[in-house]
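A.B. asks:
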Amino acid sequence: MKTIIEPFRIKSVEPIRMTTRAERQALLKSVDYNLFALKSQDVIIDLLTDSGTGAMSAEQWAAIMRGDESYAGSPSFARFEAAVRNLMPFDHIIPTHQGRAAEAILFSILGGTGKNFPSNTHFDTTRGNIEASGARAHDLVIAEGKDPANLHPFKGNMDLEKLESYLQEHGDSVPCVMLTITNNAGGGQPVSLENIRAVAKIAKAHGRPFIIDGCRFAENAYFIKMREEGQGDRAIEDIVRDCFADADGMTMSAKKDAFANIGGWLALNNPELAELARARLIQTEGFPTYGGLAGRDLEAIAQGLSEIVDEDYLRYRIRTNEYIIERLEALGIPVVKPAGGHAVFIDARAWLKNVAPLEYPGQAVAVALYEIGGIRSCEIGTVMFGRQPDGNEVPAAMDLVRLAIPRRTYTQSHADYIVECFGELAAHMDDLRGYRITKEPALMRHFTCHFEPL
Ligand code: F0G
């Protein structure tokens with residue numbers, strides 16, 4: 199059969215409140231054109247993030263009832279630990295309330311002034327936690343990863359030559375080598391198993407621990423199965439195990455590829471590091487058998503991990519993005535290619551040639567998409583990255599708009615609706631104008647700044 203269907207039926211639904219274009223125009227004005235300030239009931243299709251926004255399965259809801267809320271030694275922790283270790287065989291598995299909490303603990307131990315952390319591309323919270331410790335974060339993704347139109351199959355790969363010379367240059371100031379799979383900030387692009395192994399080998403040769411940010415490990419494994427030589431006949435679970443086999447630890451947000459609405463973990467092999475991490479965990483998150491989570495959350499994660507490696511699910515998941523991208527391309531809309539794992543990225547700078555980067559083409563597209571169809575997306579460009587620590591404003595490397603797809607939440611007709619809205623937008627794109635920021639906070643301005651149309 200050519201049609202790839204959603205490999206699930208729907209048991210419980212949430213209504214979507216339909217709004218009119220006139221209502222949305224008024225709403226946009228009332229939130230000063232910042233989509234983060236919208237109420238979610240005023241959004242028809244919410245593609246702001248794929249984090250914690252997925253649908254849980256009947257088995258996950260059933261597992262939630264099994265949650266044991268004991269402060270210490272809960273069997274829910276034992277099930278969580280076993281489910282993680284089944285895929286990622288680390289010695290010490292430390293639950294946290296989300297991914298950034300795992301990062302905060304890791305870098306409170308490894309970070310500090312004068313330290314340097316390489317990765318393919320650090321996610322914002324990873325970079326934020328590194329920099330907050332006084333250390334510096336560096337992105338060493340391959341050149342193809344920065345070119346939206348390049349069709350390289352593993353655009354999330356680390357540049358191995360750069361990593362080698364980085365480690366030679368920075369020597370003992372590098373507490374670990376990081377790798378983000380898939381590379382969220384670079385368009386959800388995967389990292390090959392070959393590259394993961396090569397990074398592990400280089401890190402080992404330099405005596406540096408190798409830590410994977412594994413938020414979207416299952417999507418990454420599916421791309422390896424589809425695209426990497428010799429991997430096509432292997433089970434997703436086995437590919438996942440190989441991805442983590444040579445690593446010394448991982449950070450994880452269970453809000454992505456564990457199908458949970460909250461949660462995360464830090465895993466480590468080194469017992470001294472793990473002891474320091476648990477001590478910090480007790481200060482900031484909770485006792486090591488719950489780490490800031492309820493027992494029921496640990497159960498939802500454990501069950502979610504057994505579902506996310508289902509190949510039928512992953513096929514449908516990745517195909518949804520490809521489907522949208524193929525249709526956007528047919529409308530002449532520049533997109534980041536090939537399709538990433540968790541999101542569709544629009545190259546707004548290439549598309550809106552009449553809107554200068556400092557007039558925020560990504561924001562112009564995101565606002566227009568909401569006005570046309572009630573779709574909430576997220577600018578990832580000059581609004582997010584343009585303000586420099588010295589107060590200057592410069593264009594970001596790219597002006598993208600991210601349509602992050604929540605897991606198991608929307609259907610094929612929602613995808614068709616998204617495409618139709620883009621068709622409407624493309625037909626009237628000469629009317630699109632840029633924006634001016636009228637008010638902004640000192641840090642992380644994209645969350646709260648005010649805009650005015652030009
Ligand atoms: N690492 C990556 C690669 C991520 O994408 C995220 C979150 C985190 C770490 C932090 O995890 O949210 O559980 O604290 N990404 C979300 C997003 C927020 O929308 O891309 P968290």
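Under the numbering used here, read the sequence shown as residues 199 to 652, first letter to last. Beta carbons: idealized from backbone N, C-alpha and C, even for Gly.
(1) Quick check on the DSSP output: the beta strand (DSSP E) that includes Ala-347 runs from which residue to which?
(2) Do Met-356 and Ser-317 have their beta-carbon atoms positioned less than 9 Å apart in this structure?
(3) Over the uninterrupted beta strand (DSSP E) stretch that includes Glu-650, give me the two end residues.
(4) Report whether the distance from the Cβ of Thr-324 to the nearest heavy atom of the ligand F0G is below 8 Å.
(5) For a test of your reading of the model: does the CB of Gln-387 fall under 8 Å from any non-hydrogen atom of the ligand F0G? Yes or no.
(6) Less than 9 Å between the beta carbons of Pro-407 and Asn-468, yes or no?
(7) Would His-350 count as contacting chain D if we go by Cβ distances under 9 Å?
(8) How long is the line joining the alpha carbons of His-290 and Ile-242, rounded to whole angstroms?
(9) When every heavy atom of the ligand F0G is checked, does at least one fall within less than 8 Å of the C-beta of Gly-297?
(10) Which word fits Ala-458, buried or exposed, when buried means at least 16 other C-beta atoms lie within 10 angstroms of its C-beta?
(11) Leaving aside the five residues before and after Ala-347 along the sequence, list all residues of the same chain whose C-beta is less than 7 Å from its C-beta, in chain order.
(12) Ordered along the chain, which non-local residues of its own chain (more than five positions away) have a Cβ less than 7 Å from that of Ile-262?
(13) Whole angstroms are fine: how far does the CA of Ser-255 sit from the CA of Gln-610?
(14) Decide if the segment 529–549 is in contact with the segment 375–387; the criterion is three or more beta carbon pairs, one per stretch, under 8 Å apart.
(15) Secondary structure at Val-592, three-state DSSP: helix, strand or coil?
(16) Leu-304 and Leu-464 look like a contact to me (Cβ under 8 Å); what is the Cβ gap, rounded to whole Å?
(17) Which residue spans inside the segment 208–255 form an unbroken alpha helix (DSSP H) run of at least 4?
(18) Tell me the residue span of the beta strand (DSSP E) that contains Val-599.
(19) For Gln-610, which three-state DSSP category applies?
(20) Report the rounded CA-to-CA distance for Thr-217 versus Cys-413, giving the unit in angstroms.
(21) Cβ of Phe-321 versus every heavy atom of the ligand F0G: is any distance shorter than 8 Å?
(22) In three-state DSSP terms, what is Thr-324?
(23) Which whole-angstrom value describes the C-beta separation of Tyr-192 and Tyr-633, a residue pair presumed to lie in contact below a C-beta threshold of 8 Å?
(24) Look at the alpha carbon of Gly-265 and the alpha carbon of Gly-312, and state the distance between them as a whole number of angstroms.
(25) For Leu-466, which beta-bridge partners are listed by DSSP?
(26) Using CA atoms only, rank isn't needed, just tell me which of Leu-308, Tyr-420, Asp-436, Ala-401 is closest to Phe-352.
(27) Name the residue from Glu-204, Ala-613, Glu-362 whose alpha carbon lies nearest to the alpha carbon of Gly-405.
(28) Count the other C-beta atoms from every protein chain shown that fall within 10 angstroms of the C-beta of Ser-238, then say buried if there are 16 or more, exposed otherwise.
(29) Could you tell me if Gly-369 is buried or exposed, where buried requires 16 or more neighbouring beta carbons within 10 angstroms of its beta carbon?
(30) CA-CA distance, Glu-591 and Ala-624?
(31) What residues in its chain sit with their C-beta under 7 Å from that of Leu-308, if we drop five residues either side in the sequence?
(32) Are the beta-carbon atoms of Gly-502 and Gln-258 separated by less than 9 Å?
(33) Who are the Cβ neighbours of Glu-279 in its own chain at under 7 Å, not counting the five residues just before and after it?
(34) Determine the DSSP secondary structure at His-368, reduced to helix, strand or coil.
(35) In terms of residue numbering, what span does the alpha helix (DSSP H) encompassing Arg-432 cover?
(36) Is Ala-416 near the ligand F0G, judged by its Cβ being under 8 Å from some heavy atom?
C.D. replies: To lay it out plainly:
(1) First-last for Ala-347: undefined, no H or E at that position.
(2) yes
(3) 648–651
(4) yes
(5) no
(6) yes
(7) The question asks about chain D, but that chain is absent: this structure has only one protein chain.
(8) 42 Å
(9) yes
(10) buried
(11) Lys-535
(12) Arg-494, Glu-497, Ala-498
(13) 19 Å
(14) yes
(15) coil
(16) 6 Å
(17) 219–228
(18) 598–602
(19) helix
(20) 34 Å
(21) yes
(22) helix
(23) Residue 192 cannot be examined here, being either before or after the span of the chain that is shown, 199 to 652.
(24) 43 Å
(25) His-290, Gly-447
(26) Tyr-420
(27) Glu-362
(28) exposed
(29) exposed
(30) 29 Å
(31) Pro-373, Cys-374
(32) yes
(33) Ile-291
(34) helix
(35) From DSSP, Arg-432 is part of no alpha helix (DSSP H); its letter is neither H nor E.
(36) no
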